[in-house]
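A.B. asks: When we follow the UniProt record's numbering, the leftmost residue of the sequence shown carries the number 1, and every step to the right adds one.
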Amino acid sequence: MALSRFSAIRRFQRSFHAPHLPSEYSISFGSFHKTDAVYSHFPCNLFTPRSSPHFLSSGLQGFLLRRSIVSCSCAIGSILRPDAARDGSGFTSRSSTKVAEFTICFSGSRSFSSVKAPAGARQVALKVTLLSPGFVYEPYKPREPISFWRRWFTRSGWRRTKEDLIMEMKSAYAINRLRKVAGYSKKLFYQHTLRLYKEINTLLAKGDTSSLRKVVTEKMYSTLKNELKRRELMWSSVHWELVEPVVSVRTLRARMIALDKNDLDKAFIQMTLEITAKQRFEAYNAKGAVVSGDKTKEVLVRDIWVLERSLFHPGADWRLCARLSV
Numbered sequence: 001m002a003l004s005r006f007s008a009i010r011r012f013q014r015s016f017h018a019p020h021l022p023s024e025y026s027i028s029f030g031s032f033h034k035t036d037a038v039y040s041h042f043p044c045n046l047f048t049p050r051s052s053p054h055f056l057s058s059g060l061q062g063f064l065l066r067r068s069i070v071s072c073s074c075a076i077g078s079i080l081r082p083d084a085a086r087d088g089s090g091f092t093s094r095s096s097t098k099v100a101e102f103t104i105c106f107s108g109s110r111s112f113s114s115v116k117a118p119a120g121a122r123q124v125a126l127k128v129t130l131l132s133p134g135f136v137y138e139p140y141k142p143r144e145p146i147s148f149w150r151r152w153f154t155r156s157g158w159r160r161t162k163e164d165l166i167m168e169m170k171s172a173y174a175i176n177r178l179r180k181v182a183g184y185s186k187k188l189f190y191q192h193t194l195r196l197y198k199e200i201n202t203l204l205a206k207g208d209t210s211s212l213r214k215v216v217t218e219k220m221y222s223t224l225k226n227e228l229k230r231r232e233l234m235w236s237s238v239h240w241e242l243v244e245p246v247v248s249v250r251t252l253r254a255r256m257i258a259l260d261k262n263d264l265d266k267a268f269i270q271m272t273l274e275i276t277a278k279q280r281f282e283a284y285n286a287k288g289a290v291v292s293g294d295k296t297k298e299v300l301v302r303d304i305w306v307l308e309r310s311l312f313h314p315g316a317d318w319r320l321c322a323r324l325s326v
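1. Is it buried or exposed for residue 356, if we count other Cβ within 10 angstroms and need 16 for buried?
2. Tell me, please, which residues DSSP counts as bridged to E244.
3. Heavy atom of the ligand FMN less than 8 Å from the Cβ of E199, yes or no?
4. Taking the alpha-carbon positions, what's the S236 to D303 distance?
5. When DSSP labels each residue in this structure, what does E274 get in the three-state scheme?
6. Pick out the complete alpha helix (DSSP H) segments inside the UniProt domain "Tim44-like" (171 to 325), 4 residues or longer, and give them in chain order.
7. For the candidate residues W158, M220, R151 and C321, whose alpha-carbon lies nearest to that of L273?
8. If you draw a straight line from the C-alpha of A277 to the C-alpha of Y137, how long is it?
9. Tell me the residue span of the alpha helix (DSSP H) that contains F153.
10. Quick one: any contact between the region 255 to 274 and the region 302 to 316, if contact means 3 or more CB pairs under 8 Å?
11. Is it the case that the Cβ atoms of K141 and V326 are separated by a distance below 9 Å?
12. If we call anything under 9 Å between Cβ atoms a contact, is S211 one with L203?
13. Does the region 173 to 182 touch the region 147 to 165, meaning 3 or more C-beta pairs lie closer than 8 Å?
14. So, A289 versus V238, is the Cβ gap smaller than 9 Å?
15. Can you tell me whether residue 339 is helix, strand or coil according to DSSP?
16. Pull up the CB-CB distance for A254 and A267, whole angstroms please, since I reckon it's below 8 Å.
17. Tell whether a beta-carbon distance below 9 Å holds between A205 and W158.
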């Protein structure tokens, strides 16, 4: 009786004993064939275990197989070389060139352990250069004038004086860096500003977007291009003319945008200028008739432009960064 009970217990234990699972599997790529639900997401048609050929027969074994991780290698040289030879069974023969080794998890994820680049591959270094910050640092706004007594004999006046002094020091510092790096001259800078002012307005009147791209920043170019599209819906062409000499040009603000605190030469300078000039303007429709303006009359126009220049790009020049409305 005791011997029969011991035999029954042994048979019961053997029924729950998991078989030996293979440690490695070789995968051959070919036409996709769904063999079992466990492998339905793998693009393989042949899994050849080295031992235990009937390891998928029980649900318990399938569960253990899902939890196991099998290291294997795949030869996909035949995919990269369509002229590879095929064996008699119809499957692509394994190539001697080992392209990649990876680890397959039966839970569905896989990660590359080592990748060998094929022959002829080369590394390409990508260098990104910032051409413009894309924004105006501390845009200019006119400040309310205060009286002498309020400025020097009230607490709010002292606070206002301190703020004005800090803003003036920022402008002086930016101009000093510009003079040190690029050789700033106020007279030459104003002459260049007027040439740029005339050139940009002339290109806008002609609608020459290709030439306009060279004298404005990327963000400003997008803004002006949209303005030209809206203008074409109303007017067919326009006439613009600058009456020289201009009335006045003055600097309202100067700011420096540093990219590296350890190297102040890697920075952008933004100059806010007020340009007051007389202009002539006239707009025409598709038939050539005048629909707006009069080119025989002079109109006094006051523009506030922000010009930007890089201190570290070779051959950098001033470009229109923004037009402010105050």
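C-beta atoms are modelled at their ideal positions from N, C-alpha and C, and glycine is treated no differently.
Bear in mind that the values here come from a model prediction, so they are computed numbers and not experimental data.
C.D. replies: Once the coordinates are examined:
1. No answer is possible for residue 356: the residues shown for the chain start at 1 and end at 326.
2. Bridge partners of E244: none, in fact.
3. No copy of the ligand FMN occurs in the structure displayed, which carries no ligand at all.
4. 24 Å
5. strand
6. 186 to 206, 209 to 212 and 218 to 234
7. C321
8. 26 Å
9. F148 to F153
10. yes
11. yes
12. yes
13. no
14. no
15. Examination of residue 339 is not possible in this model, given that the chain is present from 1 through 326 alone.
16. With 8 Å as the limit, A254 and A267 do not qualify as a contact, their Cβ atoms being about 12 Å apart.
17. no
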